[in-house]
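Student: Pasting a structure below so you can have a look.
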Amino acid sequence: MHSCGYTLGWIRYRVMLTISVWTSFNLRIVDFKNYFFFFQMAWLGRFDDFSFGPTSHISPKLGKTLGQDGGRPMFDKKVYTTKGSSRTGYTQICEISNTINHVSIIGLIIAKDGPKSIISKKGTERHLVSFTVRDSEVAFVNLTCWGGEQYVKMIACELHISDVVDVKDAQVQIKSSNPADEKFRPWTPSSCQLTVGENQGTIVPYSGLDIEDYTHLIHTPTRPSNDFYTLEDIIANGMSLQGEHINILAVVKRIWPPKKITMKTGKTTSKVDIVLCDETCMSFNLTLWDNYVLLAESWTPMETVLFAADVRITYNDYRSSMTASTDSKTIFTINPDTPEAACIREYSKTQISFLTFESEGNSVADGKDPPLETITNILCVRDVRNLLEQGSEIGFGLMYAFLSQFDIDSDEKMFCREVCPKCGKFVQESNGFICVNSSCEGEDLRLDGVPHIEYSLTVSLSDHTGTLDHCFIPANIAQHLLGAKANDFRDLNGQRKTDIKWSFLLERVKTVVKIRGQSNVNGRSMVKILSLEMPNIEELALCVS
34 MHSCGYTLGW
44 IRYRVMLTIS
54 VWTSFNLRIV
64 DFKNYFFFFQ
74 MAWLGRFDDF
84 SFGPTSHISP
94 KLGKTLGQDG
104 GRPMFDKKVY
114 TTKGSSRTGY
124 TQICEISNTI
134 NHVSIIGLII
144 AKDGPKSIIS
154 KKGTERHLVS
164 FTVRDSEVAF
174 VNLTCWGGEQ
184 YVKMIACELH
194 ISDVVDVKDA
204 QVQIKSSNPA
214 DEKFRPWTPS
224 SCQLTVGENQ
234 GTIVPYSGLD
244 IEDYTHLIHT
254 PTRPSNDFYT
264 LEDIIANGMS
274 LQGEHINILA
284 VVKRIWPPKK
294 ITMKTGKTTS
304 KVDIVLCDET
314 CMSFNLTLWD
324 NYVLLAESWT
334 PMETVLFAAD
344 VRITYNDYRS
354 SMTASTDSKT
364 IFTINPDTPE
374 AACIREYSKT
384 QISFLTFESE
394 GNSVADGKDP
404 PLETITNILC
414 VRDVRNLLEQ
424 GSEIGFGLMY
434 AFLSQFDIDS
444 DEKMFCREVC
454 PKCGKFVQES
464 NGFICVNSSC
474 EGEDLRLDGV
484 PHIEYSLTVS
494 LSDHTGTLDH
504 CFIPANIAQH
514 LLGAKANDFR
524 DLNGQRKTDI
534 KWSFLLERVK
544 TVVKIRGQSN
554 VNGRSMVKIL
564 SLEMPNIEEL
574 ALCVS
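Its first residue numbered 34, the sequence shown is counted upward by one per residue in this note's numbering.
Here you go:
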């Protein structure tokens, strides 16, 4: 009796001590229930009825048990009642090795491929969808879900890139030593890969209290932050990069509407073209396929910075330039938290003059151009050509280039034209200089005898990247440049015109240009010079540095 009383007293003491500790440290109710259940069995003398489960894995980084959300039991009874000592709870990806048969992990989806189907050697069709899951800055692993068509489609529809998932009882496999086997999946630092089947393991969305410990990983690149090509490097390397997978760091400049594409196999897929830019190039095309089309819906032009790992580089015959595209190896890091990305982000803030101003309703939509002093982004000839290829986009930029064609001493019809003095529309001598503009308020110009003359001049601009022909100079800009009205300049003798010409020809000039692609209303591309002047010494030093 004394021994029994002593035992009961000791147990009461332990219960009170446990309650005290729980109160002091604000343990979860579910943890207290576990303690209470333990001592209830002790009171009944049923220690043999209690089966000690495997201990949970404690993340050294988070300092708390992974896999709990608001009191949800950490272990799924369905999963952890099966045999096998390897199923010991949640494991960090960096600890997965070939000594483990099955693991459970929590992580962020950073890449997705599928759903798709393959034909096995036996002739049967198998369905799968693949993910790349990450739980820390240094660890991520590929995971493949196999099953019937409906099961795989359900998984693919429910889980997307940037979702946090709870993966239970996934089978661990060693990566193949054959490089060809890894050709169509993202590179990962893990030596293993995971598999979940329709009847083996589960993968579901995770909504634990610590979910933010995973969501921030979308901003951490999967490669070293300085391991990327500039857009200018890609163009300069040209065909030497044909078919290669490289990394790119750039800002999203424009997102074109998505398109549905029917493949040769009859399968329908989706694609979207986006335009990238960085400090070295103002326009570079990247094509997104399948799952990345949905991801791009959340991107904002001139704000979203991308670190694109393993995009495929090819030469586009239609565009006559190098382009990039996504495939099953590609991983995007959105708005990377790196010094290099911060520089790109600051640069993009200075490029606001490239926006069409349509969102503000105060520029292109109204036929107005932005103030010249707000146009500060510097372009080369190659940049302007790329912009012209982008269709309906209207852009503005600053160019320091050589005036390589300036025909003001040839036939006057090459740089002057007759216009209506009322509406400014072009009139021709062949029809008696009659204005044919139906909205013009003027009368028959034959009554005046002489039509109004104005400049109609095009020039060529050249730099180290090429030559831009047929750049139009408006009449007022040409008059300011030449220092004379069109009527007066036309009356100058040929030698004087030539002298003026050579005071500008092959000299470096500072120009502000407006670029309009060929898919506009009039169906023609155009480079219009809004300002042209000789740069000062400080500006020349800046543009050649």
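Note that beta-carbon positions come from the ideal geometry of N, C-alpha and C, so glycine has one too.
For Lys286 versus Cys310, is the C-beta distance shorter than 8 Å?
Tutor: In this structure, Cys310 lies closer than 8 Å to Lys286 by Cβ.
Student: Please classify Ala357: does DSSP put it in a helix, a strand, or coil?
Tutor: Ala357 falls in the strand class under three-state DSSP.
Student: Please name the residue or residues paired with Asp199 in a DSSP beta bridge.
Tutor: DSSP, once it has assigned bridges, lists Ile139, Val237 as partnering Asp199.
Student: Just to confirm my understanding: we take Asp199, look at its own chain, exclude 5 residues before and 5 after, and list those with CB closer than 6 Å. What are they?
Tutor: Ile139, Val237, Tyr239.
Student: So which of His497, His503, Gly499 has the shortest CA-CA distance to Thr491?
Tutor: Among His497, His503, Gly499, the Cα nearest to that of Thr491 is on His503.
Student: Quick check: the stretch 248-267 against the stretch 363-383, are there 3 or more CB pairs under 8 Å?
Tutor: The stretch 248-267 vs the stretch 363-383: in contact.
Student: By DSSP, does Trp535 sit in helix, in strand, or in coil?
Tutor: Three-state result, Trp535: helix.
Student: In chain order, what residues of the same chain have a beta carbon less than 7 Å from the beta carbon of Met559, not counting five sequence neighbours either side?
Tutor: Correct list, in chain order: Phe505, Arg549.
Student: Name the DSSP bridge partner or partners of Asp246?
Tutor: DSSP output for Asp246 lists no bridge partner at all.
Student: According to DSSP, is Pro148 helix, strand or coil?
Tutor: Correct three-state label for Pro148: strand.
Student: Write down every uninterrupted run of the alpha helix (DSSP H) in the stretch 299-370 whose length is 4 residues or greater and which is fully enclosed by it, in chain order.
Tutor: Runs of the alpha helix (DSSP H) inside the stretch 299-370: 324-329.
Student: My output table needs one value for Gln125: the three-state DSSP class, helix, strand or coil.
Tutor: Of the three classes helix, strand and coil, the one that applies to Gln125 here is coil, per DSSP.
Student: Buried or exposed for Gly299, please, with buried defined as at least 16 other CB atoms from any protein chain shown within 10 angstroms of its CB.
Tutor: Exposed, since its Cβ has fewer than 16 Cβ neighbours within 10 Å.
Student: Can you tell me whether Pro404 is buried or exposed, with buried defined as 16 or more other CB within 10 angstroms of its CB?
Tutor: Answer is exposed; the Cβ neighbour count stays below 16.
Student: If I'm right that Ser489 touches Ser437 with Cβ under 8 Å, what's the distance once you round it to whole angstroms?
Tutor: The Cβ separation is near 19 Å, so there is no contact.
Student: Taking contact to mean 3 or more Cβ pairs, one atom from each stretch, closer than 8 Å, check whether the stretch 170-178 and the stretch 219-235 are in contact.
Tutor: With the cut-off at 8 Å, the stretch 170-178 and the stretch 219-235 touch.
Student: In angstroms with no decimal places, state the Cα-to-Cα distance between Phe340 and Leu514.
Tutor: Phe340 and Leu514: Cα-Cα distance of roughly 45 Å.
Student: Under the assumption that Ser361 contacts Arg218 (Cβ atoms under 8 Å), give the Cβ distance between them as a whole number of angstroms.
Tutor: Between Arg218 and Ser361 the Cβ distance is about 6 Å, and since that is below 8 Å, they are a contact.
Student: Report back the beta-carbon spacing between Glu451 and His485 to the nearest angstrom; my notes put them in contact at under 8 Å.
Tutor: The Cβ separation is near 7 Å, so the contact holds.
Student: Out of Ala517, Tyr433, Asn259, which one is the CA nearest neighbour of Glu540?
Tutor: The candidate whose alpha carbon is nearest that of Glu540 is Tyr433.
Student: Pull up the distance between the alpha-carbon of Ser331 and that of Gly276, whole angstroms please.
Tutor: The alpha-carbon atoms of Ser331 and Gly276 are separated by roughly 28 Å.
Student: Confirm, please, whether the CB-CB distance from Ile194 to Asn280 is below 8 Å.
Tutor: The answer is no: Cβ separation not under 8 Å.
Student: Thinking Met335 and Ile268 are a contact (beta carbons under 8 Å), I'd like their distance in whole angstroms, please.
Tutor: Not confirmed; about 21 Å, so no contact.
Student: Considering Cys178, what are the terminal residues of the beta strand (DSSP E) in which it resides?
Tutor: Its beta strand (DSSP E) spans residues 173-180.
Student: Name the DSSP beta bridge partners of His485, please?
Tutor: For His485, which the question treats as bridged, DSSP gives the partners Val452.
Student: Return the residue from the list Asp532, Ile411, Ser358 that minimises the CA-CA distance to Ser381.
Tutor: Ser381 has its Cα closest to that of Ile411, out of Asp532, Ile411, Ser358.
Student: Which of the three DSSP states, helix, strand or coil, is assigned to Glu566?
Tutor: Strand at Glu566.
Student: Is Phe505 helix, strand or coil by DSSP?
Tutor: In this structure, Phe505 counts as strand in the three-state DSSP scheme.
Student: Just the C-alpha distance for Pro507 and Glu422, rounded to the nearest angstrom, thanks.
Tutor: Roughly 23 Å between the two C-alpha positions.
Student: Quick one: Cα of Gln204 to Cα of Leu192, how far?
Tutor: Whole-angstrom Cα-Cα distance: 19 Å.
Student: With distances taken from CA atoms, which of Lys543, Ile142, Ile133 is nearest Ser169?
Tutor: Comparing Cα positions, the closest option is Ile142.
Student: Are Leu431 and Val545 touching if we call contact CB-CB under 8 Å?
Tutor: Cβ atoms of Leu431 and Val545: closer than 8 Å.
Student: May I ask you to list the residues that DSSP assigns as paired with Leu264?
Tutor: Answer is none; Leu264 lacks a bridge partner.
Student: Going by C-alpha distance, which of Thr221, Thr132, Pro212 is nearest Phe173?
Tutor: Taking only the C-alpha atoms, the option nearest Phe173 is Thr221.
Student: Please state the DSSP three-state secondary structure of Asn419.
Tutor: Correct three-state label for Asn419: helix.
Student: Do Thr320 and Asp343 have their C-beta atoms closer together than 8 Å?
Tutor: No.
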